[in-house]
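For reference, the structure is listed below as structure tokens.
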Amino acid sequence: MTEQEQPAVRCRELAYSFHRGRGKGPVVRAVDGVDLEVRPGEVFGLLGPNGAGKTTTIRVITTLLPTVRGMVEVFGHDCVAERTEVRRLLGYVPQALSADAGLTGRENVALFARVFDVPRAERAARVAQALAAVDLTEAADRMAGTYSGGMVRRLELAQALVSAPRLLVLDEPTIGLDPIARAGVWERVEAVRRATGMTVLVTTHYMDEADRHCDRIALMDRGRIRALGTPEELKARVRAEDPARQAPTLDDVFRHFSGRALTDDAKEGEFSDVRRTRRTASRVG
1 MTEQEQPAVR CRELAYSFHR GRGKGPVVRA VDGVDLEVRP GEVFGLLGPN
51 GAGKTTTIRV ITTLLPTVRG MVEVFGHDCV AERTEVRRLL GYVPQALSAD
101 AGLTGRENVA LFARVFDVPR AERAARVAQA LAAVDLTEAA DRMAGTYSGG
151 MVRRLELAQA LVSAPRLLVL DEPTIGLDPI ARAGVWERVE AVRRATGMTV
201 LVTTHYMDEA DRHCDRIALM DRGRIRALGT PEELKARVRA EDPARQAPTL
251 DDVFRHFSGR ALTDDAKEGE FSDVRRTRRT ASRVG
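Residue numbering for the sequence shown follows full-length UniProt numbering, starting at 1 and increasing by one per position.
This is the structure in structure tokens:
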């Protein structure tokens, strides 16, 4: 099977545990035997409440955490044995705001172009292209600290796009944003996907966004995948198994398969520590 025929992401029996309290507390099984495949070109949503294991799963896929048990591949490349090649294939927007408030938008994207080894002769054009793709050309030379929350998220999207990845990984990309800003982020994601055919893997606890934008979704809770399918397939299963719910939402679907309600306790982010941002970029690049 060629790289082009491989699933964009394949996880088999993926598990990850850690100790609370800086290694001295009890063991927490954050991810517990996850099996999933993401098809090339689709928008795949990993949905669930805070603490479900979504971010840990994403961080293993992006090689920011080691594959402790199980197997993870990106376009057929093993995330342990071929970590460098995996990193070349993906762009990553973390949950915490990662732009440097003390740099302009253009300088932020140029930083990531250097980290991801974009050829020097191509950098200026690639930076400009990434900024244009997220509708930030006019604001490119303003300090990022003057940007609105939605603009910062679009800037981070440009940072991830500058390396022309085949897989775009978005961890809670609209967390803390108002509805208009959320719609703006998704508008740019959809436009880039249509233009490039790239695969998008997104985590979110906003079920309405997943219903509108995701081709398929996996519902995750307490480290496990509880259900997987298209939004309509999962709603049809709920209608068949619970005749009282003939017009279920994805919130109803989550409640049906997990046995509990989805809670929303996310807080709006702030600019993260610049040194941590650059360390993360260097580790992914």
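Beta carbons: idealized from backbone N, C-alpha and C, even for Gly. Please read all numbers here as calculations on a predicted model, not as lab measurements.
Gly45 carries a strand assignment under DSSP once its states are collapsed to helix, strand and coil. In the displayed model, Ile225 falls within a strand according to three-state DSSP. Per DSSP, reduced to three states, the secondary structure at Leu262 is coil, with no helix or strand assignment. Restricting attention to Ala183, Arg29, Leu14, the CA atom closest to the CA of Arg20 is found in Arg29. From the listed residues Pro40, Pro66, Lys54, the smallest Cα separation to Arg226 is found for Lys54. When Gly33, Pro26, Leu234 are compared, the shortest CA-CA separation from Arg12 is found for Gly33. For Phe112, the enclosing alpha helix (DSSP H) begins and ends at 105-115.
Ranked by Cα distance from Ile58, the first of Val134, Pro173, Ala125 is Pro173. Put simply, the stretch 253-260 does not touch the stretch 62-76. Fewer than three CB pairs are less than 8 Å apart.
Taking C-beta separations shorter than 7 Å and ignoring five residues to either side along the sequence, the partners of Tyr16 in its chain run Ala30, Val31, Thr56, Val60, Leu65, Val68, following chain order. For Val192, the enclosing alpha helix (DSSP H) covers residues 179-196. Burial is judged here by how many other beta carbons sit within 10 angstroms of a residue's own beta carbon; Val152 has at least 16 and is buried. Its chain contains Arg216 as the residues whose beta carbon lies nearer than 6 Å to that of Thr230, once the 5 sequence neighbours on both sides are disregarded; these appear in chain order. In this structure, the straight-line span from the alpha carbon of Met207 to that of Leu250 is close to 6 Å. A straight-line Cα-Cα distance of about 46 Å links Leu262 and Arg120. Here DSSP, grouped into helix, strand and coil, assigns Glu172 to coil. If you check the CB distance, Glu156 and Ala101 do not come in under 8 Å. In this structure, DSSP gives His19 an extended state, which the three-state scheme calls strand. Ranked by Cα distance from Ala133, the options Arg114, Asn108, Asp178, Arg193 are led by Arg193.
As the crow flies, the alpha-carbon of Glu241 is around 40 Å from that of Arg154. Beta-bridge pairing by DSSP links Cys11 to Leu36, Val72. Around the CB of Ser163, 16 or more other CB atoms lie within 10 Å, so the residue is classed as buried. The continuous beta strand (DSSP E) containing Val93 extends over residues 90-93.
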